[in-house]
Amino acid sequence: MEHHHHKPGLRVRLRITAARRRAWLSAGLQPACRKPARRDPSDSVHKVARREIGGGHRRPPRPAAPSSSAFSCPEKFRNFQLQEEYDTYDDEVHFLVQLPCLWSRTKIIEIVAAKDVIFALAQSGLCGAFNRGKSHSSMLTGFAFVRFMFLTKLLLMLAATNKRICYLNISPDEVIRSLFYNKNNESLITVSVYESDRFSSLKCRTTPIEYIRRGQLNDGFPLFETESLKYPGFVEFDDVNGKVLTFSAQDSTYKVFDLKNYNFLYSICDKNIQEIKISPGIMLVIYQKSANHVPLKILSIEDGTPLKTFTQLLHRSRNVDFIEQFNEKLLVKQDKENLQIIDVRNSNLIEVNKTEFMTPSAFIFLYENNLFLTFCNRTVAAWNFRGELVTSFDDHELWHSNCNTNNIYITADQDLIISYCKASKEVRDSGGCEGIAPPTGSINMSNIFTGKCVAKISPLDPTLTIAPRKRGDSSRSTIRSTVSDALEDITALFYDEDRNEIYTGNSKGLVHVWSN
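Quick note on numbering: the UniProt record's numbering labels position 40 of the sequence shown as 40, and the sequence is numbered without any gaps.
Okay, structure coming up:
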C-alpha cells in the first residue's frame, strides 16, 4: 500500500471509547492534561490520538536525509494569506439541531478535509461540512427536522462555494465525537453518541463524500451494528493496515474488520488481555501484568495467526509507562527506569538513559523513515530505533501543553511537521513587535530531518494579510476576523496537500483557510 495514495487519510490510528471521563492521549500513558478538564454534559467519549503515521510496511525505510520536497517548502508556503472564514455556528443552528448542548459555541477539536470538502468538528459534538470546490445547486441540509420556513433561505445560502453544505448530525439527539476519512472508498466515518441511550454507546456511520457534497446524508449507512460499544468498549481505525478493531467489554471480545468493505475477519476472546497495539502487519497483545513480567503475543493482522509468544521482564515495584511495538522493535518504559528497545527476533537490548528519554505524552511513528516522534512538555523530538536522538527542533515550541495532536500535521513524505507554536524565544525576549508581546501563536513548518523552521505563518509578519477580494467574486466567504484574531488560540489544524492549503479551527468555533 503506497503511502502517497492516502494523503487525506493521515489520521492513521484513531481509537474512540465511550467513556464518561476526560480525554487522555494514549493508553497507558500519563494524562494529556493533568488539570481536571471542564466536562461537557454530553462528553462521553475518551479518544486516543493517532500515534502512527505511515504507509505500506513493505516499502524499505527512507534514508535519514532531507527529501526534495522539504527544500521546496519555503517556496510552497510563500505569500500565504488568510483566504476564507467559516463559522460552524450561525443563526440557523438553533433551527437545525435539537440538543441545546449543541447550540453553545465551543472550540473546534478536529478538522478533516477530502475531495474539496472541509469537515469541522466542535467540542460540543456539532460537525459542519464546508464546500471548497465548485458550486452545487442541489445541496441540502441533512436534517429531516428542518423547519420548512427556512428551507428556501438555506438552499440559497448553501448552494455556493465556500458555504456550509450541511451539518453531519443527521439525528436530532446525535453528538458526533470523532471523524475518520476512509480513503479506500472515499467516504467519511462519523463516530457518535446519542441522548436516547444517555450517550453510553458508540455508533459508527459511513457516508460517501459525494453524497455529503450533495447533502444526501441519509444515503449513508451504519457500521458494526452487531457490536456493543459501551464503555470500556471502543472502535479503532487503522489506516496503515486497512483494518478496524472493535472491543466489546460485555463479552471481552476483540473483532477485526476490513476497512475496505467492513467485512468481519476474525475475533479474539480473552478476558486476560489488557491491551492490543497495532503495528504494520502485526498486532501486539499485552496480557495482564504478573509480579515481575508481562506476557506478550504477536499476531498477524491479516488473520490473527500467532507469530510469537514471549514474556517481558519488569521491575516489580515500578509502574509501566508504556509498551509499544514498531515492526520487530518493542519499546518498554517503566517509571523512573531507562527506556528499553528490544528486538523481538533475537532479544537484543538497547537502553536509553532515563535522563535522556523522558516519558512522552504522545508518540507518532514515522514508518517511512523508521523514526518516531515524541511529544513532551511542548517539545518535539525525533528518535531512531537505536535509541539515538535524531532531531531537536530549533523553533517549534508547541502552543498547547497537552500535546494535542489535532494541532499537528505530518506530510505524506514524512519530511515536514506543521504545528501551532509559540513565538520564538528571540521574539519573546525582545518583547514582540514594537515592544508588545505577541498575543497569538504562529503556524510553523519544520523539517523533520534537520529541525529547522522552513516557513511560518506569523502575526508578526507584516506581509501577512487578508487576501483581497476580486471584483464581482460572490463565492468568497465573509471574513470578520483580523489575521491576528485568526491566529489566536488555534485548537485544530489540517494541511490539504493536494490544494496546498492549511485549515485551522479556533476556540470560537471558526475555521480559517490559509493559502497562496
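Every residue, glycine too, gets a C-beta built ideally from N, C-alpha and C.
Under a CB-based cut-off of 8 Å, is residue i close to chain D?
{"i": "Asn384", "result": "Looking at the structure shown, chain D is missing, and only one protein chain is on hand."}
Along the beta strand (DSSP E) that carries residue i, what are the first and last residues, could you check?
{"i": "Ala382", "result": "379–384"}
{"i": "Gly133", "result": "Run containing Gly133: none; DSSP gives neither H nor E here."}
{"i": "His512", "result": "510–515"}
{"i": "Gln325", "result": "320–326"}
{"i": "Leu371", "result": "371–376"}
{"i": "Ile118", "result": "117–122"}
{"i": "Met283", "result": "282–287"}
{"i": "Glu84", "result": "81–87"}
{"i": "Asn182", "result": "174–182"}
{"i": "Lys336", "result": "No beta strand (DSSP E) contains Lys336, which DSSP labels as neither H nor E."}
{"i": "Gly236", "result": "First, the amino acid is wrong: residue 236 is Glu here, not Gly. Counting along the chain, the beta strand (DSSP E) containing Glu236 begins and ends at 234–238."}
{"i": "Ala362", "result": "362–366"}
{"i": "Lys456", "result": "453–457"}
{"i": "Arg164", "result": "164–167"}
Which residue or residues does DSSP assign as beta-bridge partners of residue i?
{"i": "Cys269", "result": "Thr253"}
{"i": "Gly505", "result": "Ala492, Val511"}
{"i": "Ile417", "result": "Ile410, Ser446"}
{"i": "Leu331", "result": "Glu324, Ile341"}
{"i": "Ser187", "result": "Asn182, Pro208"}
{"i": "Leu398", "result": "Cys421"}
{"i": "Asp258", "result": "Lys243"}
{"i": "Ser290", "result": "DSSP output for Ser290 lists no bridge partner at all."}
{"i": "Ile466", "result": "Leu82"}
{"i": "Gly128", "result": "Ala120, Tyr167"}
{"i": "Leu313", "result": "His293"}
{"i": "Phe264", "result": "Phe257"}
{"i": "Ser475", "result": "DSSP output for Ser475 lists no bridge partner at all."}
Locate the alpha helix (DSSP H) running through residue i, then write down its first and last residues.
{"i": "Ala486", "result": "483–486"}
{"i": "Tyr211", "result": "209–213"}
What did DSSP end up calling residue i once you bin it into helix, strand or coil?
{"i": "Lys308", "result": "strand"}
{"i": "Asp219", "result": "helix"}
{"i": "Asn447", "result": "strand"}
{"i": "Lys297", "result": "strand"}
{"i": "Glu110", "result": "strand"}
{"i": "Glu351", "result": "strand"}
{"i": "Glu302", "result": "coil"}
{"i": "Arg499", "result": "coil"}
{"i": "Leu102", "result": "helix"}
{"i": "Ser228", "result": "coil"}
{"i": "Ser392", "result": "strand"}
{"i": "Ser279", "result": "strand"}
{"i": "Lys203", "result": "strand"}
{"i": "Ser196", "result": "helix"}
Can you have a look at residue i and say buried or exposed, based on whether 16 or more other CB atoms are within 10 angstroms of its CB?
{"i": "His396", "result": "buried"}
{"i": "Glu501", "result": "buried"}
{"i": "Glu275", "result": "exposed"}
{"i": "Leu330", "result": "buried"}
{"i": "Thr88", "result": "buried"}
{"i": "Leu313", "result": "exposed"}
{"i": "Gly435", "result": "Residue confidence for Gly435 is low, a pLDDT of 45 falling below 50, so the modelled location carries little weight; the figure read from the coordinates is stated next. So Gly435 counts as exposed."}
{"i": "Leu510", "result": "buried"}
{"i": "Cys421", "result": "buried"}
{"i": "Gly233", "result": "buried"}
{"i": "Lys333", "result": "buried"}
{"i": "Ala120", "result": "buried"}
{"i": "residue 526", "result": "Residue 526 lies beyond the stretch modelled for the chain, which goes from 1 to 516, so this question has no answer here."}
{"i": "Lys260", "result": "exposed"}
{"i": "Ser300", "result": "exposed"}
{"i": "Tyr503", "result": "buried"}
What distance in whole Å lies between the Cβ atoms of residue j and residue i, which are believed to be in contact at a cut-off of 8 Å?
{"i": "Ser484", "j": "Thr440", "result": "6 Å"}
{"i": "Leu229", "j": "Thr246", "result": "7 Å"}
{"i": "Ala382", "j": "Ile448", "result": "6 Å"}
{"i": "Asn169", "j": "Ser477", "result": "With a Cβ gap of about 22 Å, Asn169 and Ser477 do not count as contacting."}
{"i": "Ala455", "j": "Pro74", "result": "5 Å"}
{"i": "Ile268", "j": "Ile282", "result": "Between Ile282 and Ile268 the Cβ distance is about 13 Å, and since that is not below 8 Å, they are no contact."}
{"i": "Tyr287", "j": "Ile273", "result": "6 Å"}
{"i": "Gln83", "j": "Trp399", "result": "So it is not a contact: roughly 22 Å between Cβ atoms."}
{"i": "Gly125", "j": "Val191", "result": "Gly125 to Val191, Cβ: 11 Å. No contact."}
Under 7 Å from any heavy atom of the ligand MN, does the C-beta of residue i make it?
{"i": "Arg476", "result": "Of ligands this structure carries none, so the ligand MN is not represented either."}
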